[in-house]
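What follows is one structure encoded as structure tokens, with my remarks underneath.
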Amino acid sequence: MTAVLDTTPEHSAAATPDPVPASWAARAGAMLVDTLPGAGVVATAALLALATPADDAMRWVFTAVGALALFAMAVNRLVLPHAIGWTLGRALFGLRVAHRSGSPVGVVRLAVRELAHLLDTLALGVGWLWPLWDRRRRTFADLVLRTEVHRVVAPNRDMRRLVAAVLIGAAVVCVAAAGAAYAVVYRQERAVDEARAQIEEQGPRIVEQMLSYSVDTMDEDFDRARQLTTDGYRPQLTAQQQALRSGQATSNEYWAVASAVLTNPPVTPDRAAMLLAMQGQRGTNPEDLRFITATVRVEFERSAQGQWQVAGLTVLKKPMMSEAGQ
Numbered sequence: 001m002t003a004v005l006d007t008t009p010e011h012s013a014a015a016t017p018d019p020v021p022a023s024w025a026a027r028a029g030a031m032l033v034d035t036l037p038g039a040g041v042v043a044t045a046a047l048l049a050l051a052t053p054a055d056d057a058m059r060w061v062f063t064a065v066g067a068l069a070l071f072a073m074a075v076n077r078l079v080l081p082h083a084i085g086w087t088l089g090r091a092l093f094g095l096r097v098a099h100r101s102g103s104p105v106g107v108v109r110l111a112v113r114e115l116a117h118l119l120d121t122l123a124l125g126v127g128w129l130w131p132l133w134d135r136r137r138r139t140f141a142d143l144v145l146r147t148e149v150h151r152v153v154a155p156n157r158d159m160r161r162l163v164a165a166v167l168i169g170a171a172v173v174c175v176a177a178a179g180a181a182y183a184v185v186y187r188q189e190r191a192v193d194e195a196r197a198q199i200e201e202q203g204p205r206i207v208e209q210m211l212s213y214s215v216d217t218m219d220e221d222f223d224r225a226r227q228l229t230t231d232g233y234r235p236q237l238t239a240q241q242q243a244l245r246s247g248q249a250t251s252n253e254y255w256a257v258a259s260a261v262l263t264n265p266p267v268t269p270d271r272a273a274m275l276l277a278m279q280g281q282r283g284t285n286p287e288d289l290r291f292i293t294a295t296v297r298v299e300f301e302r303s304a305q306g307q308w309q310v311a312g313l314t315v316l317k318k319p320m321m322s323e324a325g326q
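Numbering (full-length UniProt numbering), first residue to last: 1 to 326.
Written out as structure tokens, the structure reads:
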């Protein structure tokens, strides 16, 4: 007698287990690891770029650092998941983004998913908390793009050491950038303070020497005055001097009785403006001596040799003369 036994196996093929949705805590941790270092560098670089003077080369350095950090974040969040299956944070926590059907997600869908996270934020942050009660642990972005985040086996490498290195590197970049910005801003502020102090001290004396002259030493006085002006303003002063020569010249002596450094335009290490109240006397004969008062606005520029020169002079209140004894 031949016995026929039923040898049908309990499972004809190994059953594929359903993917396990990632916990909210794991997703939050992975997101922080992926975004915190880059966001910290970008925010630091942006703030430092805004605080740095526009004409300083360091502003472009900070801008470039922020752009590189944004590029690194984009590569980590969009390219690496498609290329190797992981972002830095997801590799640390053992997570992977997949289509609802279980198929891999491409770069385009990942990019749109990142933009769709705006829905999670604009909904007063409720979208980020939605995985706490959603059965498949999905955010609003996942619901729109039909994606899910699953728990998987982490890569066979010490991800904690790699993540720590990235976090330390980002912190070092932020500290170094802040130190460089402090040096630049401090240097700029110190240079501005020095320029203001120099103009407060030298500005009135420069204007006095430029406007004062004697009939007996007119050539030397006019030559000295031209040396106190910039190349741009010198032709205008020379024309005024020529007009004085062609007329009936008389001695003029000016002195500043009040002065103030203007804040508009702001003082820079190489430019400044000053308002001066001037008094003086015209003539040499005591019987014909006249007293003069005037108000002028003067622009100063620093020369290549470091000397302050008059770049422009505007008479705000025309000279008023009165005879001696009046």
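Glycine is no exception: its CB is placed at the ideal position from the N, C-alpha and C atoms.
Nearest-angstrom Cα separation, counted from residue j out to residue i
{"i": "Glu10", "j": "Arg136", "result": "Unreliable positioning characterises Glu10 in this predicted model, as indicated by a pLDDT of 48, which lies under 50. A coordinate reading is not provided."}
{"i": "Met31", "j": "Glu301", "result": "53 Å"}
{"i": "Ala67", "j": "Ala39", "result": "11 Å"}
{"i": "Asp18", "j": "Val173", "result": "43 Å"}
{"i": "Gln188", "j": "Val175", "result": "20 Å"}
{"i": "Thr2", "j": "Phe93", "result": "Because Thr2 sits at a pLDDT of 47, beneath the cut-off of 50, its placement in the model cannot be relied upon, and the following sentence gives the value as read from the coordinates. Spanning the two alpha carbons is a distance of roughly 58 Å."}
{"i": "Gln248", "j": "Gly306", "result": "37 Å"}
{"i": "Gln227", "j": "Ala165", "result": "60 Å"}
{"i": "Gln240", "j": "Arg190", "result": "37 Å"}
{"i": "Ala13", "j": "Thr139", "result": "At Ala13, the pLDDT of 44 sits below 50, so the modelled position is not reliable and the matter cannot be decided from this model."}
{"i": "Gly232", "j": "Ala54", "result": "25 Å"}
{"i": "Ala83", "j": "Trp133", "result": "32 Å"}
{"i": "Leu36", "j": "Arg157", "result": "22 Å"}
{"i": "Leu80", "j": "Met159", "result": "15 Å"}
{"i": "Gln309", "j": "Thr238", "result": "15 Å"}
{"i": "Thr229", "j": "Glu220", "result": "15 Å"}
{"i": "Ser103", "j": "Leu124", "result": "31 Å"}
{"i": "Arg234", "j": "Ala311", "result": "8 Å"}
{"i": "Arg161", "j": "Leu167", "result": "10 Å"}
Residue from the options whose Cα sits closest to the Cα of residue i
{"i": "Asp56", "options": "Gln305, Thr268 and Gln309", "result": "Thr268"}
{"i": "Gly89", "options": "Met58, Val149 and Phe62", "result": "Val149"}
{"i": "Leu289", "options": "Val65, Leu118, Ala141 and Glu253", "result": "Glu253"}
{"i": "Ala272", "options": "Ala256, Val65 and Asn264", "result": "Asn264"}
{"i": "Val33", "options": "Asp134, Ala170 and Ala98", "result": "Ala170"}
{"i": "Phe222", "options": "Val65, Gln242, Gly203 and Gly232", "result": "Gln242"}
{"i": "Thr314", "options": "Trp133, Ser251, Gln236 and Thr35", "result": "Gln236"}
{"i": "Val257", "options": "Trp86, Val105 and Val207", "result": "Val207"}
{"i": "Ser23", "options": "Leu119, Arg96 and Asp120", "result": "Arg96"}
{"i": "Arg27", "options": "Trp130, Trp60 and Arg100", "result": "Trp130"}
{"i": "Gly85", "options": "Ala74, Met73 and Ala98", "result": "Ala98"}
{"i": "Trp255", "options": "Leu244, Leu262, Arg224 and Arg282", "result": "Arg282"}
{"i": "Asp142", "options": "Gly29, Val41, Asp231 and Leu118", "result": "Leu118"}
{"i": "Arg151", "options": "Ala25, Lys317, Ala225 and Trp308", "result": "Ala25"}
{"i": "Ser246", "options": "Met218, Val298, Pro104 and Gly280", "result": "Met218"}
{"i": "Thr147", "options": "Gln279, Ala154, Asn76 and Val105", "result": "Val105"}
Same chain only: Cβ atoms within 8 Å of residue i, ignoring 5 sequence neighbours per side
{"i": "Ala181", "result": "Leu48, Ala51, Thr52, Met58 and Phe62"}
{"i": "Leu78", "result": "Val107, Leu110, Ala111 and Glu114"}
{"i": "Ser259", "result": "Glu200, Gly203, Pro204, Met274, Leu275, Leu276 and Ala277"}
{"i": "Ala178", "result": "Thr44 and Leu48"}
{"i": "Val163", "result": "Val33, Leu88, Gly89 and Leu92"}
{"i": "Gly29", "result": "Gly89, Leu92 and Phe93"}
{"i": "Leu70", "result": "Gly38 and Val42"}
{"i": "Val20", "result": "His150 and Arg151"}
{"i": "Thr250", "result": "Val215, Arg282, Gly283 and Thr284"}
{"i": "Asp120", "result": "Val126, Gly127, Trp128, Trp130, Thr139, Phe140 and Ala141"}
{"i": "Glu194", "result": "Pro269"}
{"i": "Lys318", "result": "Ala294"}
{"i": "Asn76", "result": "Asp34, Gly38, Thr87 and Leu88"}
Sequence-distant residues of the same chain with beta carbon closer than 6 Å to residue i, five excluded per side
{"i": "Thr8", "result": "Confidence at Thr8 is low in this model, with a pLDDT of 47, below 50, so its placement is unreliable and no value can be given for it."}
{"i": "Ala46", "result": "Gly66"}
{"i": "Val144", "result": "Ala116"}
{"i": "Met73", "result": "Gly38"}
{"i": "Trp60", "result": "none"}
Same chain only: Cβ atoms within 7 Å of residue i, ignoring 5 sequence neighbours per side
{"i": "Val192", "result": "Val267, Thr268 and Pro269"}
{"i": "Val185", "result": "Ala51 and Thr52"}
{"i": "Val261", "result": "Arg196, Ile199, Glu200, Val267, Ala272 and Met274"}
{"i": "Arg224", "result": "Gln209"}
{"i": "Leu316", "result": "Thr295, Val296 and Arg297"}
{"i": "Leu244", "result": "none"}
{"i": "Val153", "result": "Gly94"}
8 Å Cβ cutoff, residue i in contact with chain D
{"i": "Gly283", "result": "The structure shown contains no chain D; it holds only a single protein chain."}
**Message:** If we require 3 or more residues per run, which beta strand (DSSP E) segments fall completely within the UniProt domain "RDD" (22 to 144)?
**Reply:** 95 to 99
**Asked** Is there contact between the stretch 202 to 211 and the stretch 294 to 308, where contact requires at least three CB pairs shorter than 8 Å?
**Response** yes
**Within the stretch 156 to 185, ranges of the beta strand (DSSP E) (whole runs, at least 3 residues)** = none
**Request:** Count the CB pairs spanning the stretch 198 to 205 and the stretch 302 to 314 that are closer than 8 Å, and state whether there are at least three.
**Result:** yes
**Asked** Can you list the beta strand (DSSP E) stretches of 3 or more residues lying completely in the stretch 237 to 309, in chain order?
**Response** 252 to 261, 271 to 282 and 290 to 302
**Item:** Within the stretch 183 to 215, ranges of the beta strand (DSSP E) (whole runs, at least 3 residues)
**Value:** none
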